[in-house]
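Below is one structure, written out as C-alpha cells; comments come after it.
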Amino acid sequence: MPKHELILLKNMMQPGYTGSLKDYEKTGGYQALKKVVGKVQPADVTQLVMKSGLRGRGGAGFPTGVKWNFLPKDYKGPKYLCCNADESEPGTFKDRQLMERDPHQVLEGIAIAAYAIGAESSYIYIRGEFVLGAHILDKAVAEARQAGYLGKNVLGSGVTIDVWVHRGAGAYICGEETALLESLEGKRGLPRVKPPFPATHGLYNKPTVVNNVETLANLPHIVNRGPEWFAAIGSAPKSTGTRIFCVSGHVKHPGNYEVPMGITLRELIFEHAGGMRSDKKLKAIIPGGASAPFLTEQHLDVKLDFESVAQAGSMLGSGGVTVMEEGTSMVWAALRLMEFFFHESCGKCSPCREGSSWLTQTVRRILAKRGRMEDLETLKQLCQNIAGRTVCAFGDAEVAPIMSTLQYWRHEYEELIREAEAHREKELPMAAARH
Amino acid sequence: MLKEKHQKEIDDIISRYPVRRSALLPLLYLAQREQGYVTEAAMKEIAQILKLTPPQVYETITFYTMLNLKPVGKFHIQVCKSLMCALVGSDQLVGWFHAKLSIKPGETTPDKLFTLSVVECLGACGTGPMMQINDDYYERLTEQKVDQILADLKKTGTCSLKSGPFMWPEPVGGKK
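From first to last, the protein sequence lines are chains A and B.
Last residue of the first sequence: 537 in our numbering, with the numbers rising by one and none dropped.
Last residue of the second sequence: 430 in our numbering, with the numbers rising by one and none dropped.
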C-alpha cells in the first residue's frame, strides 16, 4: 500500500466512492471554492498558486501561477479558461481516471482557476474518444450548477463561472494549447505561431489560460491546505507536489500511481508497479510519454522530477512511464512511435510533415531488412532538420524515439542493416560490386 | 432535416459559444449520430446553420479521424496499435478479428455489422490491448473476451464487458 499520502486519488480510493456531488461534498468538496469566491482577491489566489510551485502536468511543466500572471491585468473584455482534457500522449491515462472517477474535483479546480483569472466562460476540451468521460463531466457540471457552485451567481457572490464540455474529434495535436484553441473555434487543429501567446491572444483572440486536468485538480487542495504544505511535498524547490504516473508496458501491475515527485524510476517500477511481468530483464524506459526520449536500465535511479529527468537526457513530460523488457526490438519500438507521429503530424510545417514520412519510411525499410548503412546518417540528418524548426513542439517530440534509440541501441539498427547487406549481395551482384 | 428534428439541441449548442463556428464539431457529431457518418446534405445544412461555406465545414471534417465521410458498419471496432498497446499484444488482437470476422483493417463485414479500423493511441495504455467499439472502451482484452463481445453485440447490440468509469489499478477491497 502507498507509503505516501494520496491527494488527487484519495477520494476515489475509498470503497463505494461514486464521484457524485454528494460524495464529493462529504469529503470536504467545494470548501476551497467557498473559501475563495468573493472572499479572496483573484490576484491573491494567483499568488497562492505561484507560492505553491505548482507546475503544469500536461507535459511542458510551466509554472501555473506564472502562466495566469501573464494575463493583462487591466483587460476589460472577456477572458477564457480552457481545461486541456485532450489526453492523447501515448503512455498517459491519468486524466481519464480523474475525470471519470472524481469529476467534481476537476470542476472545483476549474472554478478556482476561472475565478483567479476572471474568466466567465470555461471550456473543458476533452478528447473525442472519451465519450463516457464527457458524459460524466456533463452530468457533474449540471449538478454543480444546480448546487450553485457554477453558473451565473456562484455561491451568491455575483461572480459568473460557466463551464461547458467540448469534445474533440480524434487529433493528437489538439493537446497542443494553440491547436486546442483553433479546434475549439471550429477549425482544423493547426498550432499557431507564438508569440503572441494565448495569455494575450487566445480563444477568439482574447486572453486565455489553458491548463491540464491534473494541474487544475490540484488547486482545491492547495487552497485548503496552503501553498507551504504543497511546496513541502515532492522534490523542492522546482518539482513540488505529487504526480500521477501512468505505468504501462511489460510490468506486473500497470496503472496509475500517485507519488510525490522525486521518487526514483526504480521505486516506481519495482515497488509500485510490481516490477517486470516475467523474469526478463528491463531493457528500456520511456519516462514521460511518447514524446520523451528513451532511457535504459542505467537510468533506474534517476529521480522523477522535472530537472533530474531532463538531466538524464529525457523529460518528465506527461508522466506516462512505459517499460520494455529484454527482447523487445528497439527499432520496432521506434517505428511504432514514428508511425504514430507520422499519422498525427498536422501538416502545417514542412519539416515535420515531410520529415515524419521520411523517418517512418526509412525506419520501416531498416526493420524490413532492406536498409543501408548510410540510412543511419540520413535518419540523424532528418532529425536535426526537424527538431526546433517547427511551429510547435511536435517536431522535437517526433525525433525523440529515433534519436534516443540510435544513441543507446545503434547496434540493433546496424545488425538489421548488415543482414540486409548480406541479402542484397546475393540478390543483386551489382550492389556487391559497388563496395 | 437536422434543424427540424433537433432545433432545441442545436440552439443549446450554439448558445454555449460567443462565435458560431465553435459549434461546428458538436453539430457534426449530431449529424453523425443521426446517420452513422456525415453526409453531404448534412455538411451543407450545418454550413448554413453556422453561416459558413460548405468547404469550411469539409476542410474541418477531413482533419479529424473520428468524423466519418463514408458509412461504417453498425459496430465500428477501433483497435489501438500504438506502442504501449503493441507491447502487450495489440497485433494479436487485430489477428483475432481477422480470423473471426474475415475482415482486414479498413474493411466492413458483408452484413454491414462490423467495420474494423486500426487506430493510434486511445489513451488506455495501462489496460491494453484495448479497443473502442462505437462509444465504448473494452480493455485488457483476451481472445475469450473478444468472442463474448462479438457474440453479445450481434445478439443484444451491447456488451457488459465495456468499461465503466476508469480506474486502474482498482481500489483494494472494493471492486465496483
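We treat Cβ as the ideally placed atom computed from N, Cα and C, and that holds for glycine.
Review point. How many whole angstroms separate the CB atoms of A/Tyr182 and A/Ser224, which I take to be in contact at a CB cut-off of 8 Å?
Key: 7 Å
Exercise for review: Just the C-alpha distance for A/Phe444 and A/Ala273, rounded to the nearest angstrom, thanks.
Suggested key: For A/Phe444 and A/Ala273, the distance between alpha carbons rounds to 12 Å.
Review point. In the region 372-403 of chain B, which residues sit with their C-beta less than 9 Å from some C-beta in chain A, listed in chain order?
Key: So the list reads Val373, Glu374, Cys375, Leu376, Gly377, Ala378, Cys379, Gly380, Thr381, Gly382, Gln386, Asn388, Asp389, Asp390 and Tyr391, given in the order they occur along the chain.
Practice item. Indicate the three-state DSSP secondary structure (helix, strand or coil) for A/Arg345 in the structure shown. Key: strand
Practice item. Tell me, please, whether the CB atom of A/Met115 is closer than 8 Å to any CB atom in chain B? Key: True, the Cβ-Cβ gap to chain B drops below 8 Å.
Review point. Taking DSSP as the reference, what is the three-state secondary structure of A/Phe396?
Key: DSSP, reduced to helix, strand and coil, places A/Phe396 outside both helices and strands of the structure shown, so it counts as coil.
Exercise for review: Could you confirm whether any beta carbon from chain A is found closer than 8 Å to the beta carbon of B/Ser277?
Suggested key: The sequence as given places Ala at residue 277 of chain B; Ser does not occur at that position. Chain A contact via Cβ: present.
Practice item. Could you list which residues in chain A have their beta carbon closer than 9 Å to that of B/Tyr318, in chain order? Key: Gly230, Gly270, Ala271, Gly272, Ala273, Cys276, Ser285, Arg290 and Gly291
Check your understanding: Would A/Gly121 count as contacting chain B if we go by Cβ distances under 8 Å?
Key -> yes
Point to revise | B/His260: first and last residue of the uninterrupted alpha helix (DSSP H) it sits in | key: Leu256 to Ser269
Review point. Just reading off the beta strand (DSSP E) that A/Met426 is part of, what are its end residues?
Key: Gly422 to Glu427
Review point. So what's A/Trp541 in DSSP terms, helix, strand or just coil?
Key: Because chain A here runs from 103 to 537, residue 541 of chain A falls outside it and cannot be looked at.
Review point. Does the beta carbon of B/Gly428 sit closer than 8 Å to a beta carbon anywhere in chain A?
Key: Because B/Gly428 carries a pLDDT of 48, less than 50, the predicted location of this residue cannot be relied on, and the following value inherits that uncertainty. Yes - at least one Cβ of chain A is within 8 Å of the one on B/Gly428.
Point to revise | Option nearest B/Pro325 by Cα separation, candidates B/Lys366, B/Thr307 and B/Ile357 | key: B/Lys366
Point to revise | Host alpha helix (DSSP H) of A/Cys454 (start-end) | key: Ser452 to Leu469
Check your understanding: How about A/Asp407 and A/Gly343: are their beta carbons less than 8 Å apart?
Key -> no
Exercise for review: Go through its chain and collect everything with a Cβ distance to A/Ala319's Cβ below 6 Å, but skip five positions before and after it.
Suggested key: Leu110, Leu200, Gln207, Val208 and Gly211
Review point. Span of the beta strand (DSSP E) holding B/Met385?
Key: Element bounds for B/Met385: Met385 to Ile387.
Exercise for review: Keeping to the same chain, check which residues put their C-beta closer than 6 Å to that of A/Glu428; ignore five residues upstream and five downstream.
Suggested key: Lys382, Lys383 and Lys385
Exercise for review: Flag this pair as yes or no: are the beta carbons of A/Gly230 and A/Arg269 separated by less than 8 Å?
Suggested key: yes
Practice item. Could you confirm whether any beta carbon from chain B is found closer than 8 Å to the beta carbon of A/Tyr217? Key: For A/Tyr217, the nearest beta carbon of chain B is not closer than 8 Å to its own beta carbon.
Practice item. With 9 Å as the C-beta to C-beta threshold (strictly closer), list the residues of the region 384-407 of chain A near chain B in chain order. Key: Ile388 and Ala392
Check your understanding: In chain order, which beta strand (DSSP E) runs of at least 3 residues are fully inside the region 301-349 of chain A?
Key -> 310-314
Review point. In whole angstroms, what is the alpha-carbon distance linking B/Ala340 and B/Val333?
Key: 10 Å
Check your understanding: Count the other CB atoms within 10 Å of the CB of B/Lys429; is the residue buried (16 or more) or exposed (fewer)?
Key -> In this prediction, B/Lys429 scores a pLDDT of 44, lower than 50, which makes its location untrustworthy; the coordinate-derived value is nonetheless stated afterwards. Looking at its Cβ environment, which holds fewer than 16 other Cβ atoms inside 10 Å, B/Lys429 is exposed.
Practice item. Quick one: residues in its chain with C-beta nearer than 6 Å to the C-beta of A/His401, no 5 flanking neighbours on either side, listed in chain order? Key: Ala414
**Study point:** Contact residues within the region 334-364 of chain B, judged by C-beta distance below 8 Å to chain A
**Key:** Answer set for the region 334-364 of chain B: Lys335, Ser336, Leu337, Met338, Ala340, Leu341 and Val342.
Practice item. Go ahead and label B/Asn323 buried or exposed: buried means 16 or more other beta carbons lie within 10 angstroms of its beta carbon, across all protein chains shown. Key: In the sequence on display, residue 323 of chain B carries Leu and not Asn. Counting Cβ neighbours within 10 Å, B/Leu323 comes out exposed, since fewer than 16 surround it.
Exercise for review: Could you work out which residues of chain A lie near B/Thr314, taking near to mean beta carbons separated by less than 7 Å?
Suggested key: Gly288, Lys289 and Arg290
Check your understanding: Are A/Pro389 and A/His106 closer than 8 Å when you measure CB to CB?
Key -> no
Review point. Using a C-beta to C-beta distance shorter than 9 Å, which residues of chain A count as neighbours of B/Arg270?
Key: Ser223, Tyr225, Asp264, Trp266 and His268
Review point. In chain B, what lies closer than 7 Å to A/His417 by C-beta?
Key: Correcting the residue type first, residue 417 of chain A is Met in the shown sequence and not His. Going along chain B, no residue has its Cβ under 7 Å from A/Met417, so there is no contact; the nearest lies around 17 Å.
Review point. What residue range is occupied by the uninterrupted alpha helix (DSSP H) comprising A/Asp403?
Key: From DSSP, A/Asp403 is part of no alpha helix (DSSP H); its letter is neither H nor E.
Review point. Which two residues bound the contiguous alpha helix (DSSP H) that contains B/Tyr283?
Key: Unbroken alpha helix (DSSP H) run through B/Tyr283: Leu278 to Gln289.
**Study point:** Given B/Thr396 as reference, the closest of B/Thr316, B/Thr381, B/Asp266 and B/Ile357 once Cα atoms are compared
**Key:** B/Thr381
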